[in-house]
Amino acid sequence: MATSSRADNKTNSTKVIDSHLHVWASPEEAAGKYPYFPGQEPTLRGDLDFLLQSLEEAGVDGALIVQPINHKFDHSLVTSVLKKYPNKFVGCCLANPAADGSGLKHLEELIVKDGYRAVRFNPYLWPSGQKMTNDIGKRLFSKAGELGVPVGFMCMKGLDLHISEIQELCTEFPSTVVLLDHLSFCKPPTNDEESFAFSELLKLSKFPQVYIKFSALFRVSRMPFPYQDLAPLLSQVVSSFGANRVMWGSDFPYVVPECGYKGGKEAVLSIANQVPLSSSELEWIMGKTVVQLFQGQWVP
1 MATSSRADNK TNSTKVIDSH LHVWASPEEA AGKYPYFPGQ EPTLRGDLDF
51 LLQSLEEAGV DGALIVQPIN HKFDHSLVTS VLKKYPNKFV GCCLANPAAD
101 GSGLKHLEEL IVKDGYRAVR FNPYLWPSGQ KMTNDIGKRL FSKAGELGVP
151 VGFMCMKGLD LHISEIQELC TEFPSTVVLL DHLSFCKPPT NDEESFAFSE
201 LLKLSKFPQV YIKFSALFRV SRMPFPYQDL APLLSQVVSS FGANRVMWGS
251 DFPYVVPECG YKGGKEAVLS IANQVPLSSS ELEWIMGKTV VQLFQGQWVP
């Protein structure tokens, strides 16, 4: 069982790594060098200084930065952060599924030239009526596998809408690693439909390339902080996938008004104590899984 004292301290010098957060320009930076995408101006503070301060206060050593929709396909702000702190951050770029195929070249440039090490598929950016399994989607997914970068899926409107696409892509391209953001937005089930969606999530464990982000807990819990109703879900996910395929993520800065950044980390530790998880399993979830995925990063 993971005890409180174990949970509150780093064990065996294992780094604590946040697998999912965002950073965007301050209003001053946006007015100058890093403009927001029109209509996607943020309402929360998410600048680099605030991020660094939050990590420091929470005792978090590094993070995977996911390109925010606020800058859409302009990656220049996140790229500048990655170049400034190469030992602290890894970048996850945003796939551009434009029908003309221009996103393929852009993906390769971001990975090869700018050093991004993951890519996010947002199904709601695909052309209307198109699925992530269309020709462009398959080419992007295949290219990610060739370049050795995981693909993260954001199923914000429900896993049931996208499960068949994810299954098809995993089957056809087994060498492409998959990250499922935010428990694939599966909440604690309250009806048969939700129970089915969660069971489908667990079944994805049959694909060895699939990993789960136990992230943005405030988005998937039906309860206030510390989101204790997620304990049964975490228990089942760890049973199905193994702790070495599960990783914590905060979803900074969205987590800040919900429970604070530090609170986002503490919630996972609290839930882990309810499950209960061993100290070894907790270490995997709090950092070892993501460190293993991105070899050579966050080295001691």
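Taking full-length UniProt numbering, the leading residue of the sequence shown gets 1, the next gets one more, and so forth. Yeah, the Cβ is synthetic: ideal placement off N, Cα and C, and Gly gets one too. No experiment lies behind these values; they were computed from the predicted model shown.
Checklist entry - Between Leu204 and Lys83, what straight-line distance do the alpha-carbon atoms span, to the nearest angstrom? => result The alpha-carbon atoms of Leu204 and Lys83 are separated by roughly 35 Å.
Checklist entry - Ordered along the chain, which non-local residues of its own chain (more than five positions away) have a Cβ less than 6 Å from that of Thr3? => result Caution is warranted here: a pLDDT of 37 is assigned to Thr3, below 50, making its placement in the model unreliable, and the coordinate value is therefore given only provisionally. Taken in chain order, the list of residues that qualify is empty.
Checklist entry - Can the beta-carbon of Ala99 be found less than 8 Å from the beta-carbon of Ile69? => result With a cutoff of 8 Å on beta-carbon distance, Ala99 and Ile69 are scored as not near each other.
Next on the checklist: Below 8 Å, how does it come out for the region 192 to 209 and the region 232 to 248: are there three or more Cβ pairs, yes or no?
Outcome noted: Counting Cβ pairs under 8 Å, three or more are found: they touch.
Item to check | 8 Å contact criterion, which Arg120 and Val66 should meet: CB distance rounded | outcome: About 6 Å separates the two Cβ atoms, so the contact holds.
Next on the checklist: So, under 8 Å CB-CB, Gly158 and Phe185 are touching, yes? Tell me the CB distance rounded to an integer number of Å.
Outcome noted: Indeed, because the Cβ distance is near 6 Å, the residues count as touching under 8 Å.
Item to check | Residues bridged to Ser215 (per DSSP) | outcome: In DSSP, Ser215 forms a bridge with Gly249.
Item to check | Whole-angstrom distance between Glu41 and Gly32, CA atom to CA atom | outcome: Roughly 14 Å separates the two Cα atoms.
Checklist entry - How is the beta strand (DSSP E) around Phe225 delimited, first residue to last? => result For Phe225, no beta strand (DSSP E) encloses it, and the DSSP letter there is neither H nor E.
Next on the checklist: In the DSSP assignment, the alpha helix (DSSP H) including Val81 goes from what residue to what residue?
Outcome noted: Element bounds for Val81: Ser76 to Lys84.
Next on the checklist: Quick check on the DSSP output: what are the complete beta strand (DSSP E) runs of length 3 or more inside the region 155 to 210, in order along the chain?
Outcome noted: If you keep only unbroken beta strand (DSSP E) runs of at least 3 residues inside the region 155 to 210, you get 178 to 180.
Next on the checklist: Rounded to the nearest angstrom, what separates Trp298 and Asn87 at their Cα positions?
Outcome noted: Distance between the alpha carbons of Trp298 and Asn87: 6 Å.
Next on the checklist: Short of 7 Å in beta carbon distance, which residues of its chain neighbour Gly148, apart from the five on each side in sequence? Order them along the chain.
Outcome noted: The answer is none, since no qualifying residue turns up.
Checklist entry - Would you call residue 324 buried or exposed, if buried means 16 or more other Cβ atoms sit within 10 Å of its Cβ? => result The chain is shown only over 1 to 300; residue 324 falls outside these bounds and no answer can be derived.
Checklist entry - Are there 16 or more other CB atoms within 10 angstroms of the CB of Phe198, so buried, or fewer, so exposed? => result By the neighbour-count definition (other C-beta atoms within 10 Å, threshold 16), Phe198 is a buried residue.
Next on the checklist: Among Leu277, Cys259, Glu258 and Gly260, whose alpha-carbon lies nearest the alpha-carbon of Asn244?
Outcome noted: When each option's Cα is compared against that of Asn244, the closest is Leu277.
Next on the checklist: Out of Glu146, Ser270, Cys155 and Gly129, which one is the CA nearest neighbour of Ala231?
Outcome noted: Of Glu146, Ser270, Cys155 and Gly129, the residue nearest in Cα terms is Ser270.
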